[in-house]
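Residue numbers (the working numbering): 122 to 286. For every residue, glycine included, the Cβ atom is placed at its ideal position computed from N, Cα and C. Here is the structure we will look at, set down as structure tokens.
Written as structure tokens, this is what we have:
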């Protein structure tokens with residue numbers, strides 16, 4: 122089982138299992154996982170999430186700015202996407218500065234997770250593929266923690282490089 126391959130604290134496992142449940146529900150209906158960040162509430166009892174596309178839609182509507190989804194290959198789209206990631210990071214740091222799970226999917230259908238769990242290794246990158254109604258592990262690696270680099274932004278940059286944008 123996948124959860125046996127990933128070494129996490131109880132909070133980390135809860136985030137991981139919540140992400141797997143979300144992925145399975147979505148992938149049984151469609152093939153698109155929307156980028157989101159899951160994190161525990163301050164007390165740790167509930168798990169909240171922020172979905173990047175919905176946050177961008179809220180920014181577009183609230184500030185009456187140009188819709189970045191019109192041209193995904195533009196610097197403007199990258200700027201709005203990175204701004205949304207920064208807003209997500211601020212929200213996470215307010216609720217749960219130590220634990221989060223960043224979830225996204227690349228065009229190769231790999232499901233990518235960055236799990237920040239300081240009670241285990243620190244930051245773990247998990248890459249999964251959903252095949253025949255189950256998850257296969259593509260890669261699990263520990264990522265060195267760097268206080269000057271947001272691992273969510275690093276994964277976002279990897280996505281752009283992988284898509285050759």
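Which residue comes first and which comes last in the beta strand (DSSP E) that contains residue 233? Within the chain shown, residue 233 is the residue found at index 112, counting from 1. Where residue 233 is concerned, the enclosing beta strand (DSSP E) stretches over 231-238.
Residue 180 in three-state terms, based on DSSP: Along the chain shown, read from residue 1 onward, the residue named residue 180 stands at position 59. Helix, per DSSP.
Once you ignore the five residues that flank residue 162 on each side, which residues in its own chain have a CB closer than 8 angstroms to its CB? Position 41 of the chain shown, counted from the first residue, corresponds to residue 162. Here residue 162 has 168, 169, 216 and 217 as same chain residues with Cβ atoms under 8 angstroms from its own Cβ, once five neighbours each way along the sequence are excluded.
Would you tell me roughly how many angstroms separate the C-alpha atoms of residue 132 and residue 205, rounded to the nearest one? Indexing the chain shown from 1 puts residue 132 at position 11. Indexing the chain shown from 1 puts residue 205 at position 84. Rounded to the nearest angstrom, the two C-alpha atoms are 25 angstroms apart.
Ignoring anything shorter than 3 residues or poking outside the stretch 146-174, list the beta strand (DSSP E) runs there in chain order. Whole beta strand (DSSP E) segments, 3+ residues: 157-161 and 168-172.
Separation of residue 199 from residue 182, as counted between CA atoms: Position 61 of the chain shown, counted from the first residue, corresponds to residue 182. Position 78 of the chain shown, counted from the first residue, corresponds to residue 199. Residue 182 and residue 199 have their C-alpha atoms spaced approximately 18 angstroms apart.
So who's on the other strand from residue 260, going by DSSP bridges? Walking along the chain shown from the start, residue 260 turns up at place 139. Residue 260 is bridged by DSSP to 248.
Roughly how far, in whole angstroms, is the beta-carbon of residue 193 from the beta-carbon of residue 173, given that I think they are within contact range, below 8 angstroms? For the purposes of this step, residue 193 is identified with residue 72 of the chain shown, where counting begins at 1. For the purposes of this step, residue 173 is identified with residue 52 of the chain shown, where counting begins at 1. Between residue 173 and residue 193 the Cβ distance is about 13 angstroms, and since that is not below 8 angstroms, they are no contact.
From what residue to what residue does the beta strand (DSSP E) around residue 129 run? Stepping through the chain shown from its first residue, residue 129 is reached at position 8. Neither: residue 129 is in no beta strand (DSSP E) and is coded neither H nor E.
Return helix, strand or coil for residue 199, following the three-state DSSP convention. For the purposes of this step, residue 199 is taken as the residue at position 78 of the chain shown. For residue 199, the three-state secondary structure derived from DSSP is helix.
For residue 191, which three-state DSSP category applies? Sequence index remark: in the chain shown, residue 191 carries index 70 (1-based). In this structure, residue 191 counts as helix in the three-state DSSP scheme.
Return yes when the Cβ of residue 144 is within less than 8 angstroms of the Cβ of residue 244, no when it is not. Translated into positions along the chain shown, residue 244 becomes position 123. Translated into positions along the chain shown, residue 144 becomes position 23. Result no, Cβ atoms of residue 244 and residue 144 do not sit closer than 8 angstroms.
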